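Take a look at the structure set out below.
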Amino acid sequence: MNESHVSHDEQTQVGQKYDFAAIQEKWLPVWDRMKPFATDDENDKRPRKYVLDMFPYPSGDLHMGHAEAFGLGDVVARYWRQQGFNVLHPIGWDSFGLPAENAAIKRGVDPRRWTYDNIAQQKSSFRTYAPSFDWDREIHTSDPEYYRWTQWLFLKLYEKGLAYRKASPVNWCPFDQTVLANEQVVDGHCERCGNLVTKKKLTQWYFRITDYADRLVDDLKQLEGAWPSKVMSMQRNWVGRSTGADVNFVIEGKADPVAVYTTRPDTLYGVTFMVVAADSELAAELVADAPDATKAAFAEYVDRVKAETDIERLSTEREKTGVFLERYATNPLNGERLPIWASDYVLADYGHGAIMAVPAHDQRDLDFARAFDLPVRVVVDTSQPVTGAIPVLVDGELPDDLPPLDPKVTGEALVGPGRLINSGPFNGLSKNVAIAKITDALTASGLGETAKNYRLRDWLISRQRYWGAPIPIIHCEVCGEVPVPEDQLPVELPPAEGLDLQPKGTSPLGAAEDWINVPCPRCGAAAKRDSDTMDTFVDSSWYYLRYLNPQSDTMAFDPAQADKWAPVDQYVGGVEHAILHLLYSRFITKVLYDLDYLSFTEPFTSLLNQGMVLMDGAKMSKSRGNLVEFASELERYGADALRVTLVFAGPPEDDIDWADVSPAGSAKFLGRAWRVAHDVTSAPDVLWKTGDPALRRVTHRFLADAPGLVESFKFNVVVARLMELVNATRKVIDTGAGPADAAVREAAEVTAVALNLFAPYTAEDMWEMLGYEPTVSHVTWRKADPTLLVEESVTCVVQVDGKVRDRLEVSPKVSTDELESLARASAAVQRAVGDRTIVNVVVRAPKIVSIATKP
Numbered sequence: 001m002n003e004s005h006v007s008h009d010e011q012t013q014v015g016q017k018y019d020f021a022a023i024q025e026k027w028l029p030v031w032d033r034m035k036p037f038a039t040d041d042e043n044d045k046r047p048r049k050y051v052l053d054m055f056p057y058p059s060g061d062l063h064m065g066h067a068e069a070f071g072l073g074d075v076v077a078r079y080w081r082q083q084g085f086n087v088l089h090p091i092g093w094d095s096f097g098l099p100a101e102n103a104a105i106k107r108g109v110d111p112r113r114w115t116y117d118n119i120a121q122q123k124s125s126f127r128t129y130a131p132s133f134d135w136d137r138e139i140h141t142s143d144p145e146y147y148r149w150t151q152w153l154f155l156k157l158y159e160k161g162l163a164y165r166k167a168s169p170v171n172w173c174p175f176d177q178t179v180l181a182n183e184q185v186v187d188g189h190c191e192r193c194g195n196l197v198t199k200k201k202l203t204q205w206y207f208r209i210t211d212y213a214d215r216l217v218d219d220l221k222q223l224e225g226a227w228p229s230k231v232m233s234m235q236r237n238w239v240g241r242s243t244g245a246d247v248n249f250v251i252e253g254k255a256d257p258v259a260v261y262t263t264r265p266d267t268l269y270g271v272t273f274m275v276v277a278a279d280s281e282l283a284a285e286l287v288a289d290a291p292d293a294t295k296a297a298f299a300e301y302v303d304r305v306k307a308e309t310d311i312e313r314l315s316t317e318r319e320k321t322g323v324f325l326e327r328y329a330t331n332p333l334n335g336e337r338l339p340i341w342a343s344d345y346v347l348a349d350y351g352h353g354a355i356m357a358v359p360a361h362d363q364r365d366l367d368f369a370r371a372f373d374l375p376v377r378v379v380v381d382t383s384q385p386v387t388g389a390i391p392v393l394v395d396g397e398l399p400d401d402l403p404p405l406d407p408k409v410t411g412e413a414l415v416g417p418g419r420l421i422n423s424g425p426f427n428g429l430s431k432n433v434a435i436a437k438i439t440d441a442l443t444a445s446g447l448g449e450t451a452k453n454y455r456l457r458d459w460l461i462s463r464q465r466y467w468g469a470p471i472p473i474i475h476c477e478v479c480g481e482v483p484v485p486e487d488q489l490p491v492e493l494p495p496a497e498g499l500d501l502q503p504k505g506t507s508p509l510g511a512a513e514d515w516i517n518v519p520c521p522r523c524g525a526a527a528k529r530d531s532d533t534m535d536t537f538v539d540s541s542w543y544y545l546r547y548l549n550p551q552s553d554t555m556a557f558d559p560a561q562a563d564k565w566a567p568v569d570q571y572v573g574g575v576e577h578a579i580l581h582l583l584y585s586r587f588i589t590k591v592l593y594d595l596d597y598l599s600f601t602e603p604f605t606s607l608l609n610q611g612m613v614l615m616d617g618a619k620m621s622k623s624r625g626n627l628v629e630f631a632s633e634l635e636r637y638g639a640d641a642l643r644v645t646l647v648f649a650g651p652p653e654d655d656i657d658w659a660d661v662s663p664a665g666s667a668k669f670l671g672r673a674w675r676v677a678h679d680v681t682s683a684p685d686v687l688w689k690t691g692d693p694a695l696r697r698v699t700h701r702f703l704a705d706a707p708g709l710v711e712s713f714k715f716n717v718v719v720a721r722l723m724e725l726v727n728a729t730r731k732v733i734d735t736g737a738g739p740a741d742a743a744v745r746e747a748a749e750v751t752a753v754a755l756n757l758f759a760p761y762t763a764e765d766m767w768e769m770l771g772y773e774p775t776v777s778h779v780t781w782r783k784a785d786p787t788l789l790v791e792e793s794v795t796c797v798v799q800v801d802g803k804v805r806d807r808l809e810v811s812p813k814v815s816t817d818e819l820e821s822l823a824r825a826s827a828a829v830q831r832a833v834g835d836r837t838i839v840n841v842v843v844r845a846p847k848i849v850s851i852a853t854k855p
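The sequence shown runs 1 to 855 under full-length UniProt numbering.
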């Protein structure tokens, strides 16, 4: 539940005030001077850890999602420092891209000004929030000093044959007037602006990511148990690797056979027609000799298809449409003549742009066959077992007493396992055996071969917009494509002043005459720069490496530094990047490995995805009126209270509803912890072992348990245990030896060190009050004393008819029989039972005894 603003007076006990604003104002300049998280000392011999948060996009001030993500990453970074590691925890901004350009156009300002003003605002908020960043390594992807090396990376891929330009149908956003990669189309809409995406044929730049498809799947084995299984599945599914066969179909009147990819060669005898993608070159070739009426119908149909998205085309809910091309192919196994149709439910870039249609065993093929009254032949009997003896066949067919299988009547394709029928010499074989034997037969006769196919398509990286890294290619009529020489990098963006940045389908850079017109680096003839800019995912695909040498003007990164620091030990960010950014970064890392710049093939060893911060069950937005502003919450409750609230709300991967949490309650807890340190009167050199033994056991149990909880990302449990420690310490302060008790000092010091993970301002102030120099961030986590982890006694709760009647202090090793005897002997229990009869006793030694009675 939401609570109103907590005044300083409400956080006061015995006249002592916990003033978060004063504490923040006090320690920020101290940390600025000390630079406690710098990592530039080459003589530092501590083992290294690299903790990285997905860097923010400067679209405005930080929001609550940033507060959660960077708070979680900071817990990890601070924890590893306490465990004796030299931790690299850098920060930067993903500062190129469409949102900044669109926002700048809307406001009539230069995208540079809009971007860097937002960075300044976010940086100010970050400073107050106080993540343990090494600010000396700050980067912005829109700085020429950065994108010089993005362009260098492009040239390296170009040299290796992994960057190329081709004309093809592309995803086109009519609102942003630019192309989109497949990964940037969500349910047929632009993931940036939400508008419906169409298709358009353009000449564009691509990275050949498909060359790495197998490695992108196989190398996931390195990440098992360290990445969320959901993300691993999304990566595998997006690559979409399948194993099957390329089957060669001869087309009447065409010299060369057409290879058709299928994962089900076992169903070849069930092929009754062929379908080619309506917008493919093959379809255009096949219809060229068709009657004029067919040509006209085909041309009209293709125009309709061009307006459809891939999502719409692949939908199983849509009515199937198509055009018969008046051409025929031959089934390579049985010689049957197959009509060829063009349809939108086959994509030009799937396999070879053509499919063999098996309507009895594929739902979309069946829907098409029923729509055009085409034959349906069952070749896999899904009613037959696939284990045990092969069924007896009569003349190659199953006995008549089995139920008929007729998908054309039922409308449901038979997709389950079974045994082959109506398949000549392969009758009776199970699916997997038949796939192997039929593929072998095709290979032996030269009619096909084993093949793999992938859902993944090459990465389309060019954009028709201004605010991005220019593509470092010069187009010469004599020499063709000419890479910009490396010593002429960066190719800097021209000033936006004087350019029309409004989206119009072509890059605004084409109108920058002084910029685009240059001599060819090879022959000196008049030439033109490439006017497109790179997708911002290229910038972020390698940024984790730039942090290693952010000021270098001689290299993108130092491989020797990469050997010291990389790969990233802990990466933290939203699951919304589970495909795009992570896939691209993994690809670029593998390319750099192949070029001998890196010694590893996966960029991020461990991945933590945080949930979303909601309000009243919905994603926050101004339009919904449920936006909770980070800046206002920061001012109202302070950085530490926000941090504690966000980590205490639940497991990191769960969504947080701001309506259900209590930053005011977190502030009260911090004030209580702070006062514990304030109340300590013993000296720093006091002998802890002379203190209260019960409190010492609580303290050392916390010391023993917290590291494992942090490493398993159970931050909320650590906070809960810290609250218990503070409460136990408070009780001792208020009784007995009070503030002078040595165990109180020990508990207060442990609290300060642990609180540094979640609430660094409060922790630093507590550390100073306890008599130490800053900074508490450098204090090593203390080891638990094993002798204090042995419980001398535990409290056993005794219930009678569901009501607690007594609490017994017993040995942790008490037996079940002994515990039941003690419970029955309790005077309080005997009074509660009275003259009733005990009918059942449940004992869960050593914690509970439950007694049930009846009159």
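All residues carry an ideal CB built from backbone N, CA and C; glycine is no exception. All values reported here derive from a predicted model rather than from experimental measurement.
- The shortest CA-to-CA distance from S815 to any of W80, C796, Q830, V804 is the one to C796.
- In this structure, the CA atom of N549 is about 41 Å from the CA atom of P684.
- One Cα belongs to L789, the other to Q561, and the distance between them is close to 42 Å.
- Counting along the chain, the unbroken beta strand (DSSP E) around P519 starts and ends at 517-519.
- Rounded to the nearest whole angstrom, the C-alpha separation of D367 and N609 is 40 Å.
- If you look at W114, you'll find it in the alpha helix (DSSP H) that goes 111-129.
- The DSSP assignment places complete beta strand (DSSP E) segments of no fewer than 3 residues inside the UniProt domain "Methionyl/Leucyl tRNA synthetase" (54-195) at 86-88, 163-173, 178-180, in order along the chain.
- Of the candidates T39, A357, K668, A357 places its Cα closest to the Cα of T272.
- Counting only the Cα atoms, P663 lies some 16 Å from D616.
- In the DSSP assignment, Q570 forms a beta bridge with V51.
- In the three-state DSSP reduction, P265 falls in the helix class (H, G or I).
- Of the residues S383, F70, V276, the one whose Cα lies closest to the Cα of E326 is V276.
- Annotation: the continuous beta strand (DSSP E) that includes G322 extends over 322-330.
- Runs of the alpha helix (DSSP H) lying entirely within the segment 572-656, each at least 4 residues long, are 580-594, 630-637, 639-648 in chain order.
- In the same chain as P494, and ignoring 5 residues on each side of it, the C-beta atoms closer than 6 Å to its own belong to A512, W515, in chain order.
- Where G665 is concerned, the enclosing alpha helix (DSSP H) starts and stops at 663-679.
- Residue pairing by DSSP puts H475 in a beta bridge opposite E481, K528.
- DSSP places N840 in the uninterrupted beta strand (DSSP E) bounded by 837-844.
- Within 10 angstroms of the beta-carbon of Q502 lie fewer than 16 other beta-carbons, which makes it exposed.
- D41 counts as exposed, since fewer than 16 other C-beta atoms from the protein chains shown sit within 10 angstroms of its C-beta.
- A contact between stretches requires three or more CB pairs, one per stretch, nearer than 8 Å, and the segment 644-660 fails this requirement with the segment 674-683.
- Y584 and T601 have their alpha carbons spaced roughly 13 Å apart.
- Within the segment 798-826, the runs of beta strand (DSSP E) at least 3 residues long that lie entirely inside it are, in chain order, 803-810.
- According to DSSP, T795 shares a beta bridge with E809.
- The three-state secondary structure of P257, taken from DSSP, is coil.
- In summary, T115 is buried, with 16 or more beta-carbon neighbours lying within 10 Å of its beta-carbon over all protein chains present.
- By the C-beta criterion, the segment 257-274 is judged to be in contact with the segment 332-345, since at least 3 inter-stretch pairs fall below 8 Å.
- Separation of E724 and A673 (C-alpha to C-alpha, rounded to the nearest whole angstrom) is 11 Å.
- In this chain, the alpha helix (DSSP H) harbouring K731 covers 715-733.
- Annotation for G244: the continuous beta strand (DSSP E) segment containing it runs 242-251.
- Taking the CA atoms as reference points, P58 sits about 19 Å from Q184.
- C-alpha of R701 to C-alpha of V591: approximately 48 Å in a straight line.
- The beta carbon of E820 lies closer than 8 Å to those of V841, V843, V849 in the same chain, with the five residues before and after it left out.
- As DSSP reads the structure, L202 sits in a beta bridge with S168.
- In this structure, the CA atom of W227 is about 8 Å from the CA atom of T605.
- The residues L595, in chain order, have a CB closer than 7 Å to that of K156 in the same chain once the five nearest residues on each side in sequence are set aside.
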